[in-house]
Amino acid sequence: MKKFTQSSIFIKLLIIQFLAIVYTCHGFDFFYFWPGSLCDAKRACCLPTSGKPATDFGIHGLWPTFNNGSYPANCNANSPFDGSKISDLTKELQVDWPSLTCPSTNSSKFWTHEWVKHGTCSESVLDQHAYFEANLNLKHSINLLGVLQLAGIQPNGKVYSLQSVRGAIKAGTGYTPVIECNLDASNNSQLYQVYLCVDKSGSKLIECPVLPKRKCASFIEFPSF
3 MKKFTQSSIF
13 IKLLIIQFLA
23 IVYTCHGFDF
33 FYFWPGSLCD
43 AKRACCLPTS
53 GKPATDFGIH
63 GLWPTFNNGS
73 YPANCNANSP
83 FDGSKISDLT
93 KELQVDWPSL
103 TCPSTNSSKF
113 WTHEWVKHGT
123 CSESVLDQHA
133 YFEANLNLKH
143 SINLLGVLQL
153 AGIQPNGKVY
163 SLQSVRGAIK
173 AGTGYTPVIE
183 CNLDASNNSQ
193 LYQVYLCVDK
203 SGSKLIECPV
213 LPKRKCASFI
223 EFPSF
């Protein structure tokens, strides 16, 4: 009887550990969606081998995130990136989700990284094709560049108040963004990435349960694409 009890306890502990792993990898609460500038001006940038991408924000990724701001990563080693699964999206991805790292690439390394590190943690909701399609749909529906241009904020190297950029995005999308800045070659603060939050379906914007802390100056440059 004692052996049976110890065995039962051991099995229960294994089940608890398994469920904890499953929750950590798939029990996320929302997504961060990151439209990003195409090029970090302080670093070397190269056009992808597929050609010059659209004059627009690119995509950084769609990250499953917990309500406390932490996030799961690398959830399924048995689900590698498979370009054949998104072959119908490849041309669109090359335009809307390019990599400008050097040396020039066809951007698949970037997509691989985002799928393996973040996409695999959303597989309970989005398979590989649906994950990439969700990124594209969000980019098009938000139309971040159009939202800013409608407010007179252009990617022309001019300086705008951080408050006006944030306000324009809030007015255009209905939701509070987080603005991330970096420094250009002259150490001026410039618009780099925008964070918006998306529900667990990967399709609808929501107010962010937690806002990541990102630093920007009171006035920021909107670099030319």
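So the sequence shown is numbered by my numbering: it starts at 3 and just counts up by one.
Quick reminder that beta carbons are idealized off the backbone N, C-alpha and C, glycines included.
Just so you know, these numbers come straight off a predicted model, no measurement behind them.
Looking at C-alpha atoms only, which residue of the options is the closest neighbour of residue i?
| i | options | result |
| --- | --- | --- |
| Ile61 | Thr103, Asn80, Leu138 and Cys77 | Leu138 |
| Asn76 | Ser39, His120, Lys111 and His142 | His120 |
| Asn80 | Ile181, Gln130 and Thr107 | Gln130 |
| Ile171 | Ser110, Ala153, Ser188 and Pro157 | Ala153 |
| Gly63 | Ile208, Leu198, Pro225 and Lys54 | Leu198 |
| Ser143 | Gly204, Ala187 and Asn78 | Gly204 |
| Asp58 | Thr114, Phe30, Glu135 and Leu146 | Leu146 |
| Cys48 | Ser109, Tyr73 and Phe68 | Ser109 |
| Asp186 | Gln96, Ile222 and Pro211 | Ile222 |
| Pro105 | Pro50, Leu150 and Gly159 | Pro50 |
| Asn184 | Thr122, Thr103, Tyr177 and Val196 | Val196 |
Give the range of the beta strand (DSSP E) segment to which residue i is assigned.
| i | result |
| --- | --- |
| Glu209 | Note, Glu209: premise wrong, no beta strand (DSSP E); not H, not E. |
| Glu223 | Phe221 to Glu223 |
| Val127 | Per DSSP, Val127 belongs to no beta strand (DSSP E) and is neither H nor E. |
| Ser191 | Ser191 to Val200 |
| Cys218 | Neither: Cys218 is in no beta strand (DSSP E) and is coded neither H nor E. |
| Gly159 | No beta strand (DSSP E) contains Gly159, which DSSP labels as neither H nor E. |
| Cys104 | Premise fails: Cys104 is in no beta strand (DSSP E) and is neither H nor E. |
The alpha helix (DSSP H) spanning residue i covers which residue range?
| i | result |
| --- | --- |
| Gly169 | Leu164 to Thr175 |
| Tyr133 | Gln130 to Ile144 |
| Gln96 | Thr92 to Asp98 |
| Ser110 | Ser110 to Lys119 |
Within 10 angstroms of the Cβ of residue i, are there 16 or more other Cβ atoms? Answer buried if so, exposed if not.
| i | result |
| --- | --- |
| Met161 | A small fix is needed here, since residue 161 is Val in this sequence, not Met. Burial call: exposed. |
| Asp98 | buried |
| Leu148 | Checking the sequence shown, residue 148 turns out to be Gly, not Leu. Its Cβ having fewer than 16 others within 10 Å, Gly148 is exposed. |
| Pro179 | buried |
Ranges of the beta strand (DSSP E) found wholly within the segment 45-84, counting only runs of at least 3
If we require 3 residues or more, the beta strand (DSSP E) runs fully inside the segment 45-84 come out as 60-67.
With a threshold of 8 Å, are at least 3 pairs of Cβ atoms found where one atom belongs to the segment 215-225 and the other to the segment 164-183?
Segment contact: the segment 215-225 against the segment 164-183, three or more CB-CB distances shorter than 8 Å; contact assigned.
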